[in-house]
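When we follow the working numbering, the leftmost residue of the sequence shown carries the number 7, and every step to the right adds one. Glycine included, each C-beta is placed from N, C-alpha and C at the ideal position. Please read the structure below before turning to the comments.
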Amino acid sequence: MLSGAEIPTQAIKPTQAIKVDQVGYPIVGPKIALVSTAAKTFEIRRSSDAKVVLRGKLGPAATDSLTGDTVQAADFSELRQAGIYYVEVPGVGRSWTFAVSSDAYARAYYLAMRGFYGQRCGTAVDLGPEFPGHAHAACHLHGEFHPSSGTSGPRDNVGGWHDAGDYGRYMVNSGITTGTLLWAWEIYGPQLKAIQLRIPESGNGTPDILNEARWNLEWMLKMQSSDGGAWHKQTSVHFPGFIAPDDDTLPSEVIGTGSAPYKSTCATGDLAAVAAIAARLYKPYDAKFAARALDAARRAWKWTEQYPNVTFRNPPGVTTGEYGDASCKDERLWAAAELWRTTGEAAYHQFFLSNYAEYLPSLDSPPAENWNMMAPMALRSYALSQRKDADAKARAAIRDRMLDAARAVARRTSANPYHMSMQARDYVWGSNGVAAQYGMDLLIANVIAPNPDFANAARDNLHYLLGRNAFSLSWVTRLGEHSVEHPHHRPSGSGKQPGAWPGLLSGGPNAGRQDAVLAALPKDLPPAKDYADETASYASNEIAINWQATLVFLLAGQLH
Ligand SMILES: [Zn+2]
């Protein structure tokens with residue numbers, strides 16, 4: 007029976023001053039909440055009946071320069087009973103609820119992967135009874151070749167994921183995104199294999215993460231011209247209004263560089279890399295598709311030998327995302343690494359060995375990988391490879407560099423008052439993707455040289471994304487009791503849908519303040535507070551497939 011003193015606490019509204027991972031904490035491992043108002047003690051209470059299950063003292067106060075907050079830690083690691091709880095701090099209030107569970111992140115992974123399904127283009131999408139009304143009819147059915155592509159005429163428009171808050175599709179961002187998802191499968195396959203995503207292909211004998219990734223792979227393969235090169239993007243010539251996908255009637259154009267050879271090397275290098283990964287991962291499930299992917303990868307590679315650095319700029323009259331990049335050598339390095347891993351052929355290996363060393367410094371200050379910098383993924387791929395013909399000196403150089411960096415990041419993470427890896431310079435457009443990327447890099451280091459410090463620091467970045475942050479906000483839509491509600495995402499903000507589409511990671515705080523909403527915030531805000539949960543804040547609240555994929559990787563690494 008409940009004591010009278012305990013019942014009213016459930017009526018207390020949660021306070022942002024207490025920060026928890028609103029999804030939860032695994033049963034084994036550190037469990038830390040943060041409190042940003044001066045206090046001395048805390049209690050962990052069971053959500054169902056407000057019963058106190060643990061009492062503790064808050065840690066020493068520490069001032070965090072990135073937020074301006076003074077925070078104290080509530081360490082409740084000794085709680086090992088599965089359940090739903092909240093933190094209460096006498097005199098301050100209570101937190102949002104969270105789970106302690108052996109599969110705390112299973113649903114988060116499911117929702118984040120379903121986020122990709124919701125981005126599918128050229129087809130009808132319906133999230134089903136779980137999220138009624140989150141559906142649209144087949145979108146963007148009118149495709150054609152833009153004059154800049156060197157060809158003309160109609161072209162079908164089925165396949166690929168809408169890139170972000172807009173409806174474009176861009177090869178280079180597709181490259182890092184699809185590569186990250188395929189790596190999640192390659193590294194954590196046993197944990198992911200049985201997870202059904204309730205997508206149209208579910209039950210076809212292929213694991214659903216591969217089914218979903220293939221939706222985008224098929225589009226990437228379609229972007230390859232008969233000469234082996236890949237066009238850079240397929241978008242309308244300008245962004246549509248804030249309308250639902252099926253209301254956007256602008257033609258979707260295959261856009262090229264405007265002059266021969268019309269395709270770009272960065273797009274073609276990324277295609278070669280991703281198709282090479284696909285060739286090895288899909289083989290057990292669909293050997294024909296794997297062979298087609300390998301053939302595409304080889305032809306793409308060959309094209310980049312002939313055209314080693316054809317870069318892309320938006321042709322006149324085209325104003326959608328550019329994804330421009332001055333050097334495509336890092337994309338080629340990634341392609342060489344993945345082609346070698348898949349085939350073992352000397353030509354790819356030789357290119358890698360002749361060129362990797364100049365990129366070793368990119369491993370020193372993670373997270374360096376980005377859609378325009380693929381060398382760290384090339385190097386990590388080489389280090390992850392189990393191939394016996396690997397060059398021992400190259401592999402050791404890469405591993406040493408990666409592990410030194412991971413140790414430094416893990417130390418910095420545990421010393422940070424908010425227990426996360428970010429530094430002031432990381433609060434850029436898509437900073438939540440940077441946090442997720444820190445986590446992914448730490449997890450890869452943990453694969454190469456298992457170390458609980460790496461795994462814990464990786465999870466700390468996940469805690470940051472899921473609510474243990476200055477805003478006490480889960481940056482993944484519909485995940486946690488206090489989550490982002492107004493992402494810059496046309497399907498969510500068109501007015502035709504019942505609010506935010508689920509499972510999508512918002513871009514996060516951005517000291518660059520490139521939109522009017524951020525520009526109007528108080529001038530003296532510290533970088534980690536340059537954020538607004540408003541649809542108009544594209545610079546801090548847009549969703550994007552590249553950081554969505556990194557979130558998936560980070561979640562996949564938590565599953566058992
Ligand atoms: Zn579409």
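Going by DSSP in three states, residue i sits in which element: helix, strand or coil?
i      : result
Pro458 : helix
Phe104 : strand
Met226 : helix
Ile193 : helix
Asn315 : coil
Leu510 : coil
Met570 : This structure does not reach residue 570, given that the chain is present from 7 up to 566, and the question cannot be answered.
Ala398 : helix
Ile182 : helix
Arg496 : helix
Glu49  : strand
Arg569 : Residue numbering for the chain in the displayed model covers 7 to 566; residue 569 lies beyond these limits and cannot be assessed.
Ile201 : coil
Lys63  : strand
Ser155 : helix
Val41  : strand
Ile450 : helix
Ala377 : The sequence shown places Trp at residue 377, rather than the Ala named in the question. Coil.
Pro367 : helix
Pro135 : coil
Gly99  : strand
Ser489 : strand
His140 : coil
Arg3   : Past the edges of the chain, shown from 7 to 566, lies residue 3, and the structure says nothing about it.
Arg338 : helix
Trp435 : coil
Asp253 : helix
Tyr123 : helix
Thr326 : coil
Thr21  : coil
Tyr173 : coil
Spatial neighbours of residue i within its chain, please: C-beta separation below 6 angstroms, excluding the five flanking residues on both sides.
i      : result
Pro257 : His148, Glu150
Asp366 : Per the sequence shown, the amino acid found at residue 366 is Leu instead of Asp. So the qualifying residues of the chain are Arg407.
Thr241 : Gly174, Thr326
Gly166 : Cys127, Arg175, Asn222, Trp225
His495 : Gly171, Ile549
Val98  : Ala23, Thr43, Ala45
Tyr470 : Met426, Ala441
Ala302 : Leu227, Gln230, Ala281
Met380 : Asp336, Glu337, Trp340
Ala67  : Thr76, Gln78
Leu133 : His140
Using beta-carbon positions only, say whether residue i and residue j come within less than 8 angstroms of one another.
i      : j      : result
Asn467 : Met408 : no
Leu85  : Leu60  : yes
His238 : Ser270 : yes
Ala80  : Ile38  : yes
Pro373 : Tyr444 : yes
Pro36  : Ser108 : no
Val77  : Ile50  : no
Ala400 : Leu369 : no
Thr73  : Tyr329 : no
Val558 : Ala200 : no
Ala296 : His142 : no
Tyr123 : Leu216 : no
Ala411 : Thr186 : no
Gly234 : Arg305 : yes
Pro508 : Phe137 : yes
Met177 : Asp254 : no
His152 : Glu259 : yes
Gln87  : Ile551 : no
Between which residues of its own chain and residue i is the CB-CB distance below 8 angstroms, once the five residues before and five after are set aside?
i      : result
Gln28  : Trp102, Thr103, Phe104, Leu472, Gly473, Ser480, Leu485, Gly486, Glu487, His488, Ser489
Asn315 : Thr271, Ser333, Cys334, Lys335
Gln202 : Ser208, Gly209, Asp214
Glu12  : Note that Glu12 scores a pLDDT of 46, beneath 50, so its modelled location is shaky and nothing firm can be said.
Residue i CB to nearest chain D CB: under 8 angstroms?
i      : result
Asp301 : Of the protein chains in the structure, only one exists, and it is not chain D.
Can you give me the Cβ contacts of residue i inside the same chain, cut-off strictly under 7 angstroms, excluding the 5 residues immediately before and after it?
i      : result
Lys63  : Lys46, Thr47
Gly139 : Gln503, Pro504
Ala398 : none
Tyr194 : Ala562, Gly563, Leu565
The region 538-550 in contact with the region 446-466 per 3-pair CB rule at 8 angstroms
Segments in contact, no.
Three or more C-beta pairs below 8 angstroms linking the region 280-296 and the region 341-350:
These segments touch.
Cβ contact check for the region 524-543 and the region 502-516: 3 or more pairs under 8 angstroms:
These segments touch.
I want to know whether the region 315-324 touches the region 346-364 - three or more CB-CB distances under 8 angstroms.
No: fewer than three Cβ pairs fall under 8 angstroms.
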